[in-house]
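Residue numbers for the sequence shown follow the working numbering, so the first one is 183 and each next one is one higher.
Backbone N, C-alpha and C fix where the C-beta goes; we use that ideal spot for every residue, glycine too.
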Amino acid sequence: LSETETLISQLSNNSDALTVVAPDLISQFEINFWYHGLSGSPPKLLWRSDFETNHFPIPELGERFFKVPTKTAYGVFNTRLNEVWDTTVAPQIRASMKTHGLKYSALKTARFSTIVEENGEEVFGPVVVWIAVHPNTTTAGAVRDATPDILHILNDAQVTGVVVEWYEGRPASDERRGQYQSHFRSQPPF
Numbered sequence: 183l184s185e186t187e188t189l190i191s192q193l194s195n196n197s198d199a200l201t202v203v204a205p206d207l208i209s210q211f212e213i214n215f216w217y218h219g220l221s222g223s224p225p226k227l228l229w230r231s232d233f234e235t236n237h238f239p240i241p242e243l244g245e246r247f248f249k250v251p252t253k254t255a256y257g258v259f260n261t262r263l264n265e266v267w268d269t270t271v272a273p274q275i276r277a278s279m280k281t282h283g284l285k286y287s288a289l290k291t292a293r294f295s296t297i298v299e300e301n302g303e304e305v306f307g308p309v310v311v312w313i314a315v316h317p318n319t320t321t322a323g324a325v326r327d328a329t330p331d332i333l334h335i336l337n338d339a340q341v342t343g344v345v346v347e348w349y350e351g352r353p354a355s356d357e358r359r360g361q362y363q364s365h366f367r368s369q370p371p372f
């Protein structure tokens, strides 16, 4: 079994991993598999602003043949967010994170696709403000509490329909950045 298959097996047989258990705000299963497919060792989700409205599939306890959705990351092009990112939105988000005492290691935009298992169709999600915070410097609760300010910044800039997602990640060295970028497609096929 691969490392991923072993982890899926372990987590799908652990009821605590399939439900939200404090201090986490999201199940261990979702934390570990939200970014499945982005790389051999994808980041772990801390929080996402659409948690209440965008359900992530979780296996039933003990389910043996569950398939975790596979994601691909794309760049963001030709949106209102692109027009205001460098001059307005990104500087204000950085200032907001500083106000909240959050140490970020990456602030970028992305659009993720997921392959639908039943028909193999690639489905695209919304534009995402994708934020990495330095490992072991904050909590899911702290980034959740900072998220409304970021959504307000986006709204003030007339950017709507965008999701904010947080994960832990170190600043990429040049060597790691090149490796990671190979999993980030530049232009979606639409």
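Please classify residue i as buried or exposed, where buried requires at least 16 other C-beta atoms within 10 Å of its C-beta.
i: N337; result: exposed
i: P225; result: buried
i: T269; result: exposed
i: K280; result: exposed
Taking Cβ positions, are residue i and residue j nearer each other than 8 Å?
i: V310; j: A339; result: no
i: I153; j: S278; result: Residue 153 is absent from the model: the chain starts at 183 and stops at 372.
i: V344; j: P308; result: yes
i: I335; j: Q274; result: yes
i: V346; j: S231; result: yes
i: F233; j: W216; result: no
Taking the alpha-carbon positions, what's the residue i to residue j distance?
i: V325; j: K249; result: 29 Å
i: E350; j: E300; result: 32 Å
i: G323; j: R276; result: 18 Å
i: R352; j: K290; result: 14 Å
i: T296; j: P251; result: 6 Å
i: N236; j: E212; result: 12 Å
i: L284; j: E303; result: 37 Å
i: D327; j: T320; result: 11 Å
i: S223; j: P317; result: 15 Å
i: V305; j: V298; result: 7 Å
i: N260; j: W267; result: 12 Å
i: A255; j: V315; result: 19 Å
i: T447; j: A288; result: The displayed coordinates of the chain run from 183 to 372. Any statement about residue 447 would go beyond what the structure contains.
i: K253; j: Q210; result: 18 Å
i: L263; j: H218; result: 26 Å
i: H282; j: E265; result: 26 Å
i: N214; j: A272; result: 27 Å
i: F294; j: I240; result: 19 Å
Check the C-beta distance from residue i over to residue j and give it rounded, since I have them as a contact under 8 Å.
i: L220; j: W348; result: Wrong, their Cβ atoms sit about 15 Å apart, outside the cutoff.
Tell me, please, which residues DSSP counts as bridged to residue i.
i: R230; result: E347
i: V315; result: Y286 and E350
Give a yes or no on whether 8 Å exceeds the smallest Cβ distance from residue i to chain D.
i: S231; result: In the displayed structure, chain D is absent; only one protein chain is listed.
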